[in-house]
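K.L.:
This structure is in structure tokens; I'll ask about it shortly.
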Amino acid sequence: MNQFTQLRTGACYLAAVLVVLSVVSLAIKGLNLGLDFTGGQLVEFSTSARVDQAMMQKSLTNLDISDATITASADAQRWTLRMQDTPDQNLDLDILSQQLGVDVQALDSVYIGSQVGADMLEQGGLALLVAAIAIMLYLSVRFEWRQAIGALTALIHDVLIVLGLFAWFELPFDLTVMAAILAIIGYSLNDSIVVGDRIRELLQAKHPLPINQSINLAVKSTFTRTLITSGTTLATITSIYLLAGKPLEGFSLALLVGVIAGTVSSISLSATLPSMLGLDAEYYFRKDKLTGLEE
Amino acid sequence: MKKTINKWHFVVICITTIILALSALPTFYGKHPVVSMQGASVDTELPSISSIKASLKDSQFDVATIRITDNKMFIQPSSNNADIAQLREHLSQDFGKPFAIHIDEVEASPRWLQAMGFNAIKLGLDLNGGVLFELHVDLPSAINERMQGMEEELRLVFQQERIRGLNAEFDADMHINVSYRNDVAYNKLKVILKTKFPDLNIIKETPNSVRLAWGASKLADFEQALMQQSVSIMRNRIESLGITEAAISRQGKQDIRIELPGIKDPQQAAKIIGSTATLDVFSLAKNGLNANVLTNKQGQAIAVNKKPVFSGHNIQNATAGTDEYGIPMVNLVLDSQGGDKMSRFSKANIGQAMVTVLSEYQQDIEGKLKKHSEVINVATIQAQLGNRFSITNMPSAHAAQELAMLIRAGSLNAPVSIIEQRTIDSSLGEENVHSGFAALVLGLAITLTFMALWYRKLGLIANASLVINLLCLLGLMAWLPGVVLTLPGIAGLVLTIGMAVDTNVLVFERIKQQAQQNRSPAAAIESGYQRALTTILDANITTMICAVILFSMGNGPVKGFAITLSLGLITSMFSGVFVAKFLSRLFPADSLVCQKEAL
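In order, the protein sequences belong to chains L and F. Under our numbering, the letters of the first sequence match residues 1 to 295, in that order. Under our numbering, the letters of the second sequence match residues 1 to 599, in that order.
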């Protein structure tokens, strides 16, 4: 038993280290905000034949397009051009086609005014805040405060790790990634709640075991469920990552990392933290005596 | 413990599943693009099928079916890739004016399904291809323009009533400052305000001036009316493009969101929708005071009086025509207010010139909207005019038609700018559909296999409930109005699989534990479902909270994800608990649960 407790506590400290690393990477590199949040123009087009990157760059400069980033796919036939929201810059694909001597076909083009982008960022932040508050309220109703804090800490840990990862590798952070983060919050909570429910059940028993033993037992008995659920969810997310193509790459990556982090944190953080803060069966006993029968 | 197979449960499950499955079915059939033709007025007869065939005989279009329902004709090309816009052009040229010819879509599902009212799921832009515009209506500009108009009206009243000592000035912050020289002037001002300008309130008073502004509720009414007008003008413009499947909605206080699926020429759409042309008619200025100098196409300068005789919003209809000499002209019909103004003006100015000016708002270097005005016609007033008159001597028939269309498209009272624009090629959209569904199928396959292997018979029950779950989810999405499937939405479907499995797993693990505690298999199953319920509810409610928050702040594609997630939670509760429980009771308990199962 002791070994497992040590494992859990060790995992807690590891989680703390990861969180610090994530915060540092966010502070140093910042998030690579996507078009949804910065505003600007994004044009995706395909060329009928391979075009050399230097040649493409030159043609773009000839078209008076500066201050833009152009990236190519592996076969140099699909291109993505991203520019700031300046009123004069406009990519005329017909002229580009003439300059390059190949057929150019428009695939996708997005223009977002910079005000819209700033608004969206604000809304996103607000949404996360509201979600955090709503969840805090819900948790304090269902669990006693130590367990609630444990679950919330696990949540923050998961979100920070995903953000840290995106910041470190400079992966684009757009609206779908934000959607993924909200989904991760849901998942992480699920896991923490399942374990928390079981801990509560054990502590409410007639002759509860000492706290660490209760927690270990709770984790072990929910382990199969956690593994299977995370496993199937990861399998489905991996299918999205592999097959659904570029638009959902950031989304599925965020979910992958988030679900793994969520599973680990539900076992380590949200299970162990309450005991560190002094969780005891006494709380549930007291409640029993005060309110009569607890459900 | 007695096993009860509740007949009512069976009935409810069957009916729900069958209805939702039928609702989901049309989605799998897909849609065909078609051109629809309808008489512009009720008694216009549709052309015969043979005439349509004849018209298309030598063209590139191979017609698969021509169907007529309810006096509306649908012409469907054989290939789904045919350029539907071209087909529409071709038919418009051959059959033209008496008919309203639009681009439309019909479902490929069998007639009996459609007759029951079941339609395919609406696809979002990222799956359908098309264009999205978000427009920002510059309300402050419109209000300022109105204020400016009021300042001039005030001056006019001061002049007419011969009041000395009052001076009205408009400042660009939606205020009018009136300075007065003495008490007499002040009192007269107050009377005028009360009787002729009841909407203006005094918001600040200093010893020799007052500041006037519109009251808050009047302002709100005005803004509301402007927005509604802008939305309906946009609707008209989109109809003139021949699109029927557009989605127009208001976003927040000042924005309008327009989605045009299936458009092949986004540039043209942008031009028409973003057009901010307004038409005004002025009288020629006799002297330099109160005059604006505008130029016409040839660059000549023409001085006009500042205040227009009437404005674009007084024009009810405009059609192109020719006069008795065959010279192109534009016939205008004004509303009653415009008719009055025109009548008074023309009576007093026979033999004088009338200047028609077209103005457009364009973005300058700093991104601000500036008004560019151009004189398009100078005509002489021959006689007193009422609410019907013409702009004669148009340079060409084409110019007349273009002007008529521009006027009909509606002049905007508030400048509109495009703040967001997304174009997705329909081939990319198709690609997204395919890759999305490939992911769905793979995820489903992995899950079904795993559950069958790990939980054996119980696993098969879980699989059955999962399939029912997905069918119900698709059916629900097809049935609810306003629900649109996007690529993140498909991702949401895939995630739903994972969550639905969670529900089943929670139950099954409980059942195993109950069996371990030596309860009979039947009892284990019943109590398994019962005990797992609170945890299932907890888990689903928290995810639901996140989905609802996401729904409120997301835009198109992300909203699709939030909707799929929320609906998926509901259906997985239904199928994972209700349906699975029912199915579990159908089979003998021992075949599902082995008492010797150890963790």
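Ideal placement from N, C-alpha and C gives every residue a C-beta, glycine not left out.
1. Locate the alpha helix (DSSP H) running through residue 61 of chain F, then write down its first and last residues.
2. Let me know the secondary structure DSSP gives residue 111 of chain L once reduced to three states.
3. Does the beta-carbon of residue 337 of chain F have 16 or more other beta-carbons within 10 angstroms, so that it is buried, or is it exposed?
4. If we define contact as Cβ-Cβ less than 8 Å, is residue 138 of chain F a contact residue for chain L?
5. Indicate whether at least one CB of chain L lies closer than 8 Å to the CB of residue 553 of chain F.
6. Does DSSP put residue 73 of chain F in a helix, a strand or coil?
7. I'd like to know whether the C-beta of residue 123 of chain L is nearer than 8 Å to at least one C-beta of chain F.
8. Cutting at 6 Å between CB atoms, please list the residues of its own chain near residue 146 of chain L, excluding the five before and the five after it.
9. Mapping DSSP to helix, strand and coil, what is residue 202 of chain L?
10. Is the stretch 480-498 of chain F in contact with the stretch 433-440 of chain F, if contact means three or more CB pairs nearer than 8 Å?
11. With a cut-off of 8 Å, does the C-beta of residue 183 of chain L fall near any C-beta of chain F?
12. Kindly indicate if chain F contains any beta-carbon less than 8 Å away from that of residue 247 of chain L.
13. Excluding sequence positions up to five away, which residues of its chain have a Cβ less than 7 Å from the Cβ of residue 5 of chain L?
14. Please identify the residue among L/175, L/220 and L/234 whose C-alpha is closest to the C-alpha of residue 120 of chain L.
15. Kindly indicate which residue of F/399, F/473, F/352 and F/372 has the alpha-carbon position closest to the one of residue 358 of chain F.
16. In terms of residue numbering, what span does the beta strand (DSSP E) encompassing residue 167 of chain F cover?
17. What does the Cβ neighbour count give for residue 293 of chain F, buried or exposed, with the cut at 16 atoms within 10 Å?
18. From the DSSP output, which residues share a beta bridge with residue 100 of chain F?
19. Do you know offhand how far residue 18 of chain F's Cα is from residue 15 of chain L's?
20. If we call anything under 8 Å between Cβ atoms a contact, is residue 226 of chain F one with residue 214 of chain F?
21. Within this structure, are the beta carbons of residue 295 of chain F and residue 374 of chain F separated by less than 8 Å?
22. Would DSSP call residue 2 of chain F helix, strand or coil?
23. Would a check of beta-carbon distances place residue 83 of chain F closer than 8 Å to chain C?
24. If we ignore side chains and look at the alpha-carbon of each, how far apart do residue 582 of chain F and residue 511 of chain F end up?
25. Listed in chain order, which residues of the stretch 171-204 of chain L have Cβ atoms closer than 8 Å to some Cβ of chain F?
26. CB residue 20 of chain F to CB residue 495 of chain F, shorter than 8 Å?
27. Using only the alpha-carbon positions, how far apart do residue 31 of chain F and residue 106 of chain F sit?
28. Using a 10 Å radius around the Cβ and a threshold of 16 neighbouring Cβ atoms, would you call residue 157 of chain L buried or exposed?
29. Of all the alpha helix (DSSP H) runs that stay within the bounds of the stretch 370-441 of chain F, which reach a length of 4 or more residues?
30. CA-CA distance, residue 479 of chain F and residue 175 of chain F?
31. Distance check for residue 267 of chain L and residue 8 of chain L, CA to CA, integer angstroms please.
32. Would you call the stretch 326-346 of chain F in contact with the stretch 383-400 of chain F, where contact means no fewer than 3 C-beta pairs closer than 8 Å?
33. When burial is assigned at 16 or more other CB atoms within 10 Å of the CB, is residue 25 of chain L buried or exposed?
34. Using a Cβ cut-off of 8 Å (strictly closer), state whether residue 116 of chain L contacts chain F.
35. Does residue 40 of chain L come out as helix, strand or coil in the three-state DSSP assignment?
36. Using DSSP with H/G/I as helix, E/B as strand and the rest coil, what is residue 597 of chain F?
P.N.:
By the coordinates alone:
1. No alpha helix (DSSP H) holds residue 61 of chain F; DSSP gives it neither H nor E.
2. Here DSSP, grouped into helix, strand and coil, assigns residue 111 of chain L to strand.
3. By the neighbour-count rule (16 or more Cβ atoms within 10 Å), residue 337 of chain F is not buried but exposed.
4. Any Cβ of chain L closer than 8 Å to the Cβ of residue 138 of chain F would place that residue at the interface, and such an atom is absent.
5. At a cut-off of 8 Å between beta carbons, residue 553 of chain F contacts chain L.
6. DSSP places residue 73 of chain F in strand when its eight states are reduced to three.
7. Closer than 8 Å: yes.
8. Spatial neighbours of residue 146 of chain L in its own chain (CB-CB distance under 6 Å, excluding positions within 5 residues in sequence) are listed in chain order as 274, 277 and 279.
9. In the three-state DSSP reduction, residue 202 of chain L falls in the helix class (H, G or I).
10. For the pair of segments examined, the stretch 480-498 of chain F was found to touch the stretch 433-440 of chain F: the number of CB pairs separated by less than 8 Å reaches three.
11. Taking CB atoms only, residue 183 of chain L has a neighbour in chain F less than 8 Å away.
12. Chain F contact via Cβ: present.
13. For residue 5 of chain L, the CB contacts under 7 Å within the same chain, skipping 5 residues up- and downstream, are 212 and 216 in chain order.
14. Minimum Cα distance to residue 120 of chain L is reached at L/175.
15. Selected option, being the one with the closest Cα: F/372.
16. Start and end: 166-171.
17. Burial call: exposed.
18. In the DSSP output, where bridge partners are listed per residue, residue 100 of chain F has F/38.
19. Roughly 48 Å separates the two Cα atoms.
20. In this structure, residue 214 of chain F does not lie closer than 8 Å to residue 226 of chain F by Cβ.
21. Between residue 295 of chain F and residue 374 of chain F, the CB-CB gap stays under 8 Å.
22. In this prediction, residue 2 of chain F scores a pLDDT of 46, lower than 50, which makes its location untrustworthy; no coordinate-derived value is stated.
23. Protein chains in the displayed structure are L and F, and chain C is not among them.
24. Across the structure, residue 582 of chain F and residue 511 of chain F are spaced so that their CA atoms are roughly 15 Å apart.
25. Within the stretch 171-204 of chain L, the residues whose Cβ lies closer than 8 Å to some Cβ of chain F are 175, 176, 178, 179, 182, 183, 185, 186, 187, 189, 190, 193, 194 and 197, listed in chain order.
26. No, these two residues do not count as a Cβ contact at 8 Å.
27. Distance from the CA atom of residue 31 of chain F to the CA atom of residue 106 of chain F, rounded to whole angstroms, is 6 Å.
28. Classification of residue 157 of chain L: buried, given that the 10 Å Cβ count is 16 or more.
29. For the alpha helix (DSSP H) assignment, the uninterrupted runs of no fewer than 4 residues enclosed by the stretch 370-441 of chain F are, from N- to C-terminal side, 397-408.
30. Roughly 51 Å separates the two Cα atoms.
31. Residue 8 of chain L and residue 267 of chain L: Cα-Cα distance of roughly 7 Å.
32. Verdict: yes, contact present.
33. So residue 25 of chain L ends up on the buried side.
34. So yes, residue 116 of chain L belongs to the interface.
35. Strand.
36. Any reading at residue 597 of chain F must be qualified, since the residue scores a pLDDT of 46, below 50, and its modelled position is unreliable; no value is offered.
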